[in-house]
Each structure stands twice: as C-alpha cells, then as structure tokens.
Amino acid sequence: MTLSLQSPPSAAALSASIQKGRWKTVAVGFSVAPPPSVNFTLRRSIPRIHASASSSSSPSSPSLGAARQKLLFFFIFKSYGSATKGRWKTVAVGFSVAPPPSVNFTLRRSIPRIHASASSSSSPSSPSLGAGENNELDAVSAFSEIVPDTVVFDDFERFPPTAATVSSALLLGICGLPDTIFRNAVDMALADSTCAGLDTTESKLSCFFDKAIVNVGGDLVKLVPGRVSTEVDARLAYDTNAIIRKVHDLLRLYNEIDVPHDRLLFKIPATWQGIEAAKLLESEGIQTHLTFVYSFAQAAAAAQAGASVIQIFVGRLRDWARNHSGDTEIETAVKSGEDPGLALVRRSYNYIHKYGYKSKLMAAAVRNKQDLFSLLGVDYVIAPLKVLQSLKDSPAVPDDEKYSFVRKLTPETATHYNFTNKELIKWDQLSLASAMGPASVELLSAGVEGYANQAKRVEELFGKIWPPPNV
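According to my numbering, the sequence shown is numbered sequentially starting from 21.
Below, the structure is given as structure tokens:
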C-alpha cells in the first residue's frame with residue numbers, strides 16, 4: 021500500500037463527510053509537525069481498543085480481519101473549519117490496545133487520545149475575535165492550536181498522516197492485526213540474530229522489544245514527513261540513567277536504519293528521574309516530551325529542565341477532585357472558585373512565559389467548550405470530537421454574553437502574574453516530592469503503571485510468538 025501526500029479536502033467536503041457518518045474514531049498516538057526550529061508536536065497514546073479473552077483464539081492467530089488494518093492510521097487536524105484557510109495541521113498515526121492473555125480484539129467506536137500538531141508560526145497575538153471567523157471553531161483556532169483527539173475517514177488514504185507515534189500499545193495492535201503493513205517490521209525484529217543469541221530470556225525479549233519499536237518507527241518515518249515519537253519504556257520511569265541508556269540504545273538502532281535524529285522525539289513520564297533524564301537528553305539535542313504532569317511543581321521542574329513539551333491533563337485533575345480530598349493545591353484552586361485542571365494550566369503557562377523557558381504547554385483531557393474557551397492562548401489544546409463538532413456548528417458571535425472569544429493566556433499578561441518564593445525555587449528531588457500532593461502522586465503512578473503493563477504485555481506476547489513464521 022502506498023501513501024501519497026495530497027491536498028486536504030475542502031471545508032464543504034469535510035462537513036459532508038461528517039454528516040454522512042463516514043467518520044471513525046480510532047486509537048491515538050502522538051504527532052508532531054516540526055518547523056526548522058525546535059517547536060514541534062506530540063501526542064500521547066492511550067488505548068481505547070480493548071481485547072477480550074477468548075479460549076478459542078491464540079495470540080498467534082487473532083480473529084480480527086486484515087480489512088481493519090486501515091485503522092492503524094488516524095489523522096489529526098488543527099481545525100475542521102480551517103481547510104479553506106490553509107491552516108490544516110495533519111498529525112498522528114497509531115493504534116492502541118490493551119490485550120489480555122489472549123489477543124482476540126473487539127473494536128469499540130470511540131478511541132481518542134491526544135496528539136498535537138505544532139506549526140512554525142506562533143499563536144496569534146490578537147486579543148479578540150477577528151474578522152472572517154464564521155464559527156466558534158474558527159474563532160478559537162485563532163488563539164491556540166486546536167486538535168481533535170482522533171478522527172479518520174473511511175477513505176483514509178486521501179488524507180495521509182504527517183507525523184506519528186510508536187509505542188507498546190501500537191506494537192500490541194500490530195500483533196493483533198497480522199496482515200498490517202507494519203507486521204513485517206515486528207517479524208524482522210523477532211528474527212534478529214543478535215537478540216536471539218542473548219543468554220537470558222529477559223534480555224532477549226527486551227532486545228526484541230527495542231528492535232520492534234525502532235523497526236516500526238523507521239517504517240513510519242518513511243510514511244510521514246514529520247517527526248515520529250518513540251515511547252520510552254515506562255518500567256524505567258524511576259531510573260534516570262536507565263532512561264538515558266534506553267534512549268541512547270534506541271537512537272543507535274535508529275542510526276542503523278538511517279533515521280536522522282531530527283525526525284525523532286522521546287516521550288518520558290514526569291517522575292523526578294524522568295525530568296532529570298529529559299534535562300540531560302535535551303542538553304544533547306534530543307527532544308523530549310514529559311507526560312503525566314499533574315502539579316505545578318512537576319510543570320516548573322520540567323520547564324527548568326528544558327523539556328520541549330509539557331503535558332497537563334485538565335479533566336483528570338477535575339475527576340480526582342470530585343472523588344477525593346486532602347490535596348492542598350487542588351483545594352486552594354477550588355476555594356478560589358477555579359477548576360483545578362484549568363488553574364494548573366494557567367499557572368504553568370504564566371510561569372513558562374514570565375521566566376522565559378522554551379517549553380511548550382499542552383492541555384489535554386479538555387471536556388467541554390467552556391474548558392477550551394478558558395484556555396485560549398495555550399500552545400496546544402486537545403479536545404474531543406463532540407466538542408469540536410459543537411464549535412463548528414455554532415456561529416461565532418463577537419458579542420456573545422455566554423462565551424467571550426478573548427485570548428485568556430498571553431506572554432504579556434504572564435509578566436504580571438505573581439508567584440510565591442516557594443514556587444520560584446530551583447526544583448530538586450526533595451522539593452518536588454514535598455510539593456506534590458496526593459492527586460499528582462496517585463495520577464502519575466497510575467499513568468506509569470499503565471504504560472509499564474503495556475510494555476510487559478508486549479514482551480509476554482513476543483515470547484509466545486517467537487520465532488515468527490515465514491522469516
């Protein structure tokens with residue numbers, strides 16, 4: 021199958037496709053469309069395609085047909101209503117699964133997870149709604165990069181992705197779809213003589229894992245013009261040296277297949293050890309994306325480390341606050357009448373811009389239009405399809421009393437934001453641990469555990485299907 025870059029569809033054609041119900045949601049990966057500078061994009065892969073155990077199916081012969089291999093592709097657009105303005109930012113390729121011991125997959129209809137596209141131009145500095153903004157989606161797109169969680173046409177080949185992510189979730193998906201164009205990349209990894217010759221089963225499976233993720237990443241580099249993001253094994257999230265060694269190992273493998281470093285990005289959990297690893301990797305010119313940020317202390321430490329992208333999950337903090345108590349940072353925001361997730365994004369944005377850090381801020385898990393309007397001006401906003409469709413269907417009214425299309429976050433207003441002396445410290449491991457409340461500790465741990473379990477399942481699956489057939 022050959023993918024070729026083509027012009028994006030017109031706004032009318034796109035709208036017609038949506039009305040005809042030809043959209044399919046699929047699992048996400050992470051995308052980047054970098055300019056010549058270090059401004060780029062990312063996305064996070066969270067499985068929404070689930071596997072159901074089946075006593076009649078074996079991991080080596082899943083019951084999902086080859087026709088669904090197209091679902092490995094998904095595309096992200098900056099704005100549905102922006103096609104005629106040349107503001108399309110396509111991104112993302114990925115596939116997420118969470119298989120049990122048996123890999124018999126069931127496809128569910130909704131499967132979004134974050135992916136952002138970065139453009140070489142900065143966000144518009146105009147503070148209010150401009151002329152020619154026909155709907156609310158146009159209006160908000162004037163202030164921030166607005167990215168759908170994930171959507172794809174039935175005829176996806178008309179809209180090739182510009183960037184992609186490769187992760188343990190994607191590897192599980194490939195193994196569950198044996199006829200995909202990426203299956204050979206996995207089979208070749210499992211046939212690698214160097215890995216097969218290692219002494220222990222653990223080292224052998226780890227080697228297969230690295231080879232597979234790089235082989236698939238190398239294939240994706242050939243298919244997309246942008247960057248390919250590679251997930252770093254979350255089981256190493258609490259070991260700085262291990263994270264750095266793993267990234268160097270992955271880069272060495274990428275070198276062997278002639279993938280240039282400037283086409284790559286590495287996603288790391290924002291533990292203290294992950295933040296330290298990002299600092300050292302960034303000093304070597306290796307781009308990093310710190311994820312699972314749920315506290316100001318994490319965001320500030322990540323900015324001080326020079327992380328290229330910092331990702332905050334607005335809705336997850338809100339969900340935690342509804343069901344828990346005892347987190348000082350969250351309770352302070354609530355007492356001030358603020359949503360804890362939105363408040364964290366605002367504080368982090370103002371900190372980054374007031375003190376001149378290079379990091380870009382990504383707001384994910386945005387749940388509704390009001391969330392999005394409250395964050396106008398942040399670098400990237402990841403919003404669900406239902407929110408974007410609602411924006412697209414709503415005419416932009418400059419004098420609307422309910423929603424005001426005004427940029428809420430700007431570098432200028434950031435200069436007037438006041439921080440306490442405790443917030444302006446040079447963050448280290450002890451101060452970070454002391455400042456992180458139960459919400460950030462719990463949510464970070466859950467995220468790391470989820471990624472680590474996926475990586476473990478990949479190795480277990482490789483152990484069952486090795487050696488691969490027909491290689």
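C-beta: ideal position from N, C-alpha, C; glycine also. Source: prediction; values computed, not measured.
Residue environment: P360 is assigned as buried (16 or more neighbouring CB atoms within 10 Å of its CB, all protein chains considered). I330: member of the beta strand (DSSP E) spanning V329 to F333, first to last residue. With contacts defined as CB atoms closer than 8 Å, L395 and L364 fail to qualify as a contacting pair. Secondary structure at F312: strand, using DSSP grouped into helix, strand and coil.
In this chain, the alpha helix (DSSP H) harbouring S223 covers T221 to L243. S368: member of the alpha helix (DSSP H) spanning P360 to K374, first to last residue. With 16 or more neighbouring CB atoms inside 10 Å of its own CB, K412 falls in the buried class. Rounded to the nearest angstrom, the Cβ distance from Y314 to L405 is 24 Å, too far for a contact under 8 Å.
Annotated as distal: A290 and G335, with beta-carbon spacing of 8 Å or more.
Sequence-distant partners of G483 (beyond 5 residues in either direction) whose C-beta falls short of 8 Å from its own C-beta, in its chain, are T221 and L225. DSSP, read as helix, strand or coil, puts T430 in coil.
The shortest C-alpha to C-alpha distance from Q307 to any of H268, N154, A262 and P245 is the one to H268.
Going by C-alpha positions, T433 is about 50 Å away from V206.
Per the DSSP secondary-structure output, A384 pairs in a beta bridge with F333.
In this structure the stretch 426–445 does not touch the stretch 243–263; the number of beta carbon pairs closer than 8 Å is below three.
For the pair F229 and G467, the CB atoms are not nearer than the 8 Å cut-off.
With fewer than 16 other beta carbons inside 10 angstroms of its own, H281 counts as exposed. Around the CB of R477, 16 or more other CB atoms lie within 10 Å, so the residue is classed as buried. Taking the C-beta atoms as reference points, I233 is found nearer than 8 Å to V186. Inclusion of K428 and V407 in the CB contact set at 8 Å is not warranted, their separation being larger than that value. Straight through space, the alpha carbons of E251 and Y471 are spaced by roughly 9 Å. Contact between Y274 and G237 is confirmed by a C-beta separation of about 7 Å, below the 8 Å threshold.
The alpha-carbon separation between Q318 and L256 amounts to approximately 18 Å.
Residue nearest to G294 within the set A322, E304, L271 and F316 is A322 (criterion: CA-CA distance). DSSP places L273 inside the alpha helix (DSSP H), whose first and last residues are T260 to E276. For L285, there is no enclosing alpha helix (DSSP H); the enclosing beta strand (DSSP E) has its first and last residue at L284 to P289. Residue range S188 to G196 is occupied by the alpha helix (DSSP H) that includes I194.
Excluding sequence positions up to five before and after W292, its CB lies within less than 6 Å of the CB of Q449 and L452, all in the same chain and listed in chain order. CA-to-CA, the gap between D399 and E165 works out to about 6 Å. As the crow flies, the alpha-carbon of H344 is around 22 Å from that of R366. If you check the CB distance, A383 and V401 come in under 8 Å. For I350, the uninterrupted alpha helix (DSSP H) run begins and ends at T348 to K355, by DSSP. Between P487 and L191, the C-beta spacing is not below 8 Å. Per DSSP, the beta-bridge partners of Y400 are E165 and M382. DSSP places N343 in the helix class (H, G or I) of the three-state scheme.
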